[in-house]
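All the letters of the sequence shown, read from the start, carry residue numbers -17 to -1, 1 to 382 under mature numbering (1 follows the signal peptide of the UniProt record, and there is no 0).
Positions of the beta carbon are idealized from the N, C-alpha and C atoms, including for glycine.
Here is the structure we will look at, set down as structure tokens.
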Amino acid sequence: MTELIALRATAVTVAMALLHVNSVPQNLGASGNKWPYRFILSDHSDMAALDFDPTRSSLALQAAAGAPLHIPWSSSPIRLGTGFDSAAIGSSEGPWKSSYPFSVPPHVPQLLCEIDESIASYKDGLSASAGSTSEHLSASLAVTVGCDFLSASVTGDYDKAVLENRNATRASRTSTVRSGRIIFNATPSLKHAAKATATGDAGLSEVRCQYGDYYLAGLCLGADAGASVSANNSQSSKFEQKKITATVSAFLWSRSVTHTSASQEFEASMDLEFSGYATLNGQKFHQRCGLGSTNPMKSPATALAATQRAADVQSMHAAAAEYMQKVANLHKDVQVRMDALGLHHQKLLALEDCSKICQAGLVVQLVLVPFSLLRELVEISSTKKCLAGTTKITEMRMQ
């Protein structure tokens, strides 16, 4: 029982470290502490199922409706204006197009950095579950043989009781910071090759084939961080007893012999698991360690094993403190990273700046806009329709 109490104390220590290593900053700004955007991403394979569920959103349904798309992003370099084919999300080649559709020089500042007041949200979670099962079995058996002057009997009793208890606790903390966005300062112009493709016989279908049906119109700046620890412990006890009594009687003489055997087992074990992530530095951490078992047959209580468990718990505790520090200071770290890159409100940037901003871990979301909303393509499409209508009217008059 002393070892079990020690196991529980260790789990509580790690969980408390996760929740109380650092307090959440209070000065979140006048904007509040909520970020309103939530997106569920999926490919075209689940489109049939989602057609009947208007409460869920997917890239496939949004693309089919011609709505702007918001997708999460990491530190991979990407530049504004890159084409995106929503129909190729699940393909091996990927949805991004290598052909660039716009006439935007990479070194000329034509991008606008919009940074208002940062919006930060913090969320704590704590959940617990418990369960127990019990089993009891009792059986008796009696056999008697003999005659008028001699008899023998055997009786047996069997009892078995099993009790299992399971408990799980999980604590988590997440942080989200949104600081602004980078967009085109003005709607970009299509390059000559893209215009020629649009005015051809295939029209927009050929534009989609070469450049996709969406283009990257904005980079959302910010970062996410989170950490969670879970503790699972189980206890089981088993009691088993057997009793056999043999009796022999002859005339006025009787003799009985009783044999009783009993066994009792008790086992308790505990596991700890910690996970953490920080998009600003592209870091992920996961560790799982068992704090041992009170059953010496399953977990020998050697000095080496005890030392290893202590080292694992210490490592997990240090990781929890590190990632909780990242969660608590995320808004400050984002601001420091933006200051280092010289990002401020209304600053003009060039296409070549997109790569270093992505590599700095500041891009958490991409905003994709359909090509069909571009003014140039709308004008080309309208002109082609007018010409087609005029040609048809002329042909009808000639007939």
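message: Taking only three categories from DSSP, how would you classify residue 363?
response: On the sequence shown, position 380 is the one that residue 363 refers to. Helix, per DSSP.
field: Inter-residue CB distance, residue 306 and residue 210 (contact presumed, cutoff 8 Å)
entry: In the sequence shown, counting from the first residue as 1, residue 306 sits at position 323. In the sequence shown, counting from the first residue as 1, residue 210 sits at position 227. With a Cβ gap of about 4 Å, residue 306 and residue 210 count as contacting.
message: Just list the residues that DSSP pairs residue 126 with in beta bridges.
response: Here residue 126 refers to the residue found at position 143 of the sequence shown. Note: residue 126 sits in a beta bridge opposite 137.
- request: Return the chain-ordered list of same chain residues with a C-beta closer than 8 Å to the C-beta of residue 191, the five sequence neighbours on each side being excluded.
  value: Position 208 of the sequence shown, counting from 1, holds the residue named residue 191. The residues are 68 and 354.
Residue of 220, 186, 299 and 245 minimising C-alpha distance to residue 271: The sequence position of residue 271 within the sequence shown is 288, counting from 1. Of the listed residues, the one whose Cα sits closest to residue 271 is 299.
- prompt: Thinking just about the alpha-carbon of each residue, which of 174, 234 and 258 is nearest to the one in residue 129?
  reply: Along the sequence shown, one-based indexing puts residue 129 at 146. For residue 129, the nearest C-alpha among the options comes from 234.
field: Those residues which DSSP pairs with residue 253 across a bridge
entry: Along the sequence shown, read from residue 1 onward, the residue named residue 253 stands at position 270. Looking at the DSSP assignment, residue 253 forms a beta bridge with 216.
- prompt: CB-CB under 7 Å to residue 87, same chain, minus the five flanking residues each way: which ones, in chain order?
  reply: In the sequence shown, the residue the question calls residue 87 occupies position 104. Contacts found: 64, 93, 171 and 334.
- prompt: According to DSSP, what are the bridge partners of residue 207?
  reply: If you number the sequence shown from 1, residue 207 lands on position 224. Beta-bridge pairing links residue 207 to 159.
- prompt: For residue 345, does the three-state DSSP call read helix, strand or coil?
  reply: Reading the sequence shown from its first residue, position 362 is the one you call residue 345. Three-state DSSP puts residue 345 in coil, outside helix and strand.
- prompt: Within 10 angstroms of its Cβ, does residue 369 collect 16 or more other Cβ (buried), or is it exposed?
  reply: For the purposes of this step, residue 369 is taken as the residue at position 386 of the sequence shown. With fewer than 16 other Cβ atoms within 10 Å, it is exposed.
field: Contacts around residue 168, its chain only, beta-carbon distance under 7 Å, and the 5 residues preceding and following it disregarded
entry: Mapped onto the sequence shown, residue 168 falls at position 185. These residues qualify, in order along the chain: 93, 94, 95 and 331.
query: Which one of 146, 91, 115 and 228 has the shortest CA to CA distance from residue 135?
result: Numbered from 1 along the sequence shown, position 152 holds the residue referred to as residue 135. Per the Cα distances, 228.
- request: Take the Cβ of residue 60 as the centre, count every other Cβ of all protein chains shown within 10 Å, and call the residue buried at 16 or more, exposed below.
  value: Stepping through the sequence shown from its first residue, residue 60 is reached at position 77. Classification of residue 60: exposed, given that the 10 Å Cβ count is below 16.
field: Three or more C-beta pairs below 8 Å linking the region 176 to 188 and the region 153 to 163
entry: no
message: Could you check whether the region 186 to 203 touches the region 236 to 245, counting it as contact only if at least three pairs of C-beta atoms, one from each stretch, sit closer than 8 Å?
response: no
query: Across which residues does DSSP place residue 96 in a beta bridge pair?
result: As a working note, residue 96 is residue 113 in the sequence shown. BP columns for residue 96 point to 165 and 330.
message: Considering just the uninterrupted stretch of the beta strand (DSSP E) at residue 53, what are its terminal residues?
response: For the purposes of this step, residue 53 is taken as residue 70 along the sequence shown, with counting starting at 1. Per DSSP, residue 53 belongs to the beta strand (DSSP E) from 52 to 55.
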